[in-house]
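These protein sequences, in sequence, are chains A and B. Quick note: the first sequence uses this note's numbering, first residue 17, plus one each step. Quick note: the second sequence uses this note's numbering, first residue 70, plus one each step.
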Amino acid sequence: MLFYPEAISNLVDGFNRLPGIGPKTAQRLAFHVISMKEGDVMELAKALVNAKRHLHHCSVCCNITDIDPCRICNDQSRRRDMICVVQEAKDVVAMERTREFNGLYHVLQGAISPIEGIGPDQIRIAELLRRLQDPELEVEEIIMATNPNIEGEATAMYLSRLLKPVGIKITRIAAGLPVGGDLEYADEVTLSKALEGRREL
Amino acid sequence: MWLKALELRDFRNYESLQLFDLSPRVNIFVGQNAQGKTNVVESVLMLAVAKSHRTSRDAEVIRFEAETALVQGMVEREDRTLKLDLHMLAKGKKSRVNGVEKRKMSDFVGHLNVVLFAPEDLQLIKGGPQLRRRFLDVEIGQVSPQYLYNLSQYQKVLLQRNTLLKEISKKEKKEDLLAIWDEQLCVYGAKVVQKRYEFVEKLEHFARDIHSRISGGKELLSFRYVNSFDLLEGADVTERFFETLQSKRRQDILRGTTSVGPHRDDLEVRIDDREVHTYGSQGQQRTASLSMKLAEIELIRAEVGEYPVLLLDDVLSELDSERQLHLVESMGERVQTLITTTTTYGLEQFMQEQAHVYRVEHGVICREG
């Protein structure tokens, strides 16, 4: 049984396919779109198409960009001897917000996960290796900032095994307590992770 | 701690039930099948953990035709008396401790501690190793969230590794990719194994004593954690796991599954140094299962500082009359025990002298004697 005209159900289905949006929200968004002014709908549609058409992956770091190479890779004021390896473009944004890291990035666009059919060839590892062969770029340290779950850990481990023979310093970001929090509120797992990674003062 | 009073309203087959004079020792609920004995046990368990062991849908306990169900209990602890209310609604449930509403169920859970022994627990020794692994995982997990985390990480890595093994055997992936999973598997696996060893040691300490009492001092119970990789004296667990994993690699690839690790381990139970799973009589297997579960009572006491309430649901009839008597006598001395049974044969004298006896018939409970 069809409750609404096809045009609406197509729209609902379209929204429903987006991450984090269930059938109820999809329906709400669809009806909202219909009630919008035509000009606003056109703008939204254009924004969607534009984003898709004008954005692509940086040929150097694989981050999402509108120019190639991307702004970060082009930025001559950044250190060129450090590369921070992250899983997703979102992670670059997170790292940039810290304003602490002034090197370059490499976006893997995923993590190794056999159950999802993702092996080293499915993520942007070859691109990283090619980058490291560039004689103009003298990379001294690679920071593994993949997620602290088993897939991120496996990916970091894979890369470090691969890169060890090259003789570059490879580091892994720390895991543990959130800053500014109280010890008593930390969950046991995080706390013991922090205990494992303790350092001498 | 002990449950002094229990009140039910529209719970399962009870329209209204009030038990104000429970004994701090042994309480026996006698009745035919399908009269509502297990429902009493279930309600007490729910006061303790806010969940039923029989269903995951809370609304199922609401009596037919009724809108809501209520379980109320008065718990006597060493330093205070607690009034616990658990209200089951068509959607969700509400809980109160001494009249104060607890928004989070986790704030309600734990005011009453119980240990439940149900008929399915008798399979613990006779059944397959997965039952004993689950027993270890549940028991350790109750006191160590860290263990549960390591276990779930281990299972995730295992799933990844097994998927990769299958791809390698089909020549779709290269073997050297295994290394990144092997390393993590060993780190988490070793933590799981070590914790299980520690726990089995504690368990043996308590279960041996209990078993000796139930068997009238005739049998000596012991446990051995059976590891799928040999642990050498003084060797590092992670390293030993890793070495064994490497030596089994060919075989693992052929079979497409991981052949060593805590997911293959077992808990061996012995009576008088003979393995009970294979050589024990049915009665010995049941008694040993019971002793293992009852050891939980002592483990909780070590953790909480007070004995929990013991719920024995329909398990007496599985033991001979001598063991029955030893069980209720030895437990009743220290632990409040609620027992359901269809027959009281062999316990008549004990019941008359030392227990509160309740007759259960069609959702009505009357105290006898």
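Don't be surprised by glycine CBs; every beta carbon is placed ideally from N, CA and C.
The residue among B:G258, B:R436, B:L86 with its C-alpha nearest the C-alpha of B:V306 is B:G258.
If you draw a 10 Å sphere on the C-beta of B:A159, you find fewer than 16 other C-beta atoms in it, and that means exposed. Secondary structure of B:S164 (DSSP, three-state): strand. Under the three-pair Cβ rule at 8 angstroms, the region 78-86 of chain B counts as touching the region 132-142 of chain B. At a cut-off of 8 angstroms, the C-beta of B:E437 has no neighbouring C-beta in chain A. Among the CB atoms of chain B, none fall inside 8 angstroms of the CB of A:I158.
Under a criterion of Cβ atoms nearer than 9 angstroms, the residues of chain A adjacent to B:Q222 are, in order, N165, I166. For B:G352, the closest C-alpha among the options B:K106, B:K195, B:V269 is that of B:K195. Contact annotation: the region 115-131 of chain B touches the region 157-175 of chain B, with at least three C-beta pairs closer than 8 angstroms.
By the rule that beta-carbons nearer than 8 angstroms mark a contact, B:I249 touches chain A.
Runs of the alpha helix (DSSP H) lying entirely within the region 146-196 of chain A and spanning at least 4 residues, in chain order: 166-179. Proximity of the region 124-142 of chain A to the region 156-176 of chain A meets the contact definition, three or more beta-carbon pairs being nearer than 8 angstroms.
The beta carbon of B:S121 sits closer than 8 angstroms to those of E111, L114, M115, D127, E129, V130, all from its chain and outside the five residues before and after it, given in chain order. In the DSSP assignment, the residues bridged to A:I134 are A:S129. Check the Cα spacing between A:E204 and each of A:R214, A:R215, A:G192: the tightest is with A:G192. Ranked by Cα distance from B:D389, the options B:R355, B:V433, B:V184 are led by B:R355. The secondary-structure analysis by DSSP pairs B:L379 across a beta bridge with B:V184, B:T406.
Here B:A117 is buried: its Cβ has 16 or more other Cβ atoms, across all protein chains shown, within 10 Å. Taking the beta carbon of A:R177 as reference, the chain B residues within 8 angstroms of it are A248, I249, listed in sequence order. Cα atoms of B:D278 and B:L272: separation of roughly 10 angstroms, rounded to the nearest angstrom.
The three-state secondary structure of B:D154, taken from DSSP, is strand.
Closer than 8 angstroms at the C-beta level to chain B, one finds these residues of the region 113-144 of chain A: I128, S129, P130, I131, G135, P136. Separation of B:D245 and B:F310 (C-alpha to C-alpha, rounded to the nearest whole angstrom) is 18 angstroms. Under the DSSP assignment, B:R282 falls in the alpha helix (DSSP H) whose first and last residues are 247-283. Proximity of A:A170 to chain B, defined by a Cβ-Cβ separation below 8 angstroms, is satisfied. In the structure shown, A:A46 falls within a helical segment according to DSSP collapsed to helix, strand and coil.
With respect to chain B, the C-beta atom of A:V205 has a partner C-beta closer than 8 angstroms. Not a single C-beta of chain B is nearer than 8 angstroms to the C-beta of A:Y201.
Contacts with chain A (Cβ-Cβ distance below 7 angstroms) from the region 207-220 of chain B involve P214, Q215, Y218, listed in chain order. A:S208 has a beta carbon lying within less than 8 angstroms of a beta carbon in chain B. For chain B, none of the residues of the region 89-114 of chain A brings a beta carbon within less than 9 angstroms of one of its beta carbons. Taking each of B:V433, B:I340, B:K106, B:P214 in turn and checking the Cα distance to B:R293, the smallest one comes out for B:I340.
Leaving aside the five residues that flank A:M98 on each side, the residues in its chain whose CB is nearer than 6 angstroms to its CB run, in chain order, G119, E157. The contact set of B:E252 on chain A, defined by CB atoms closer than 8 angstroms, consists of M173 in chain order. With contact defined as three or more Cβ pairs closer than 8 angstroms, the region 354-369 of chain B and the region 205-217 of chain A are not in contact.
Taking 8 angstroms as the threshold, the shortest C-beta distance from B:T232 to chain A falls below it.
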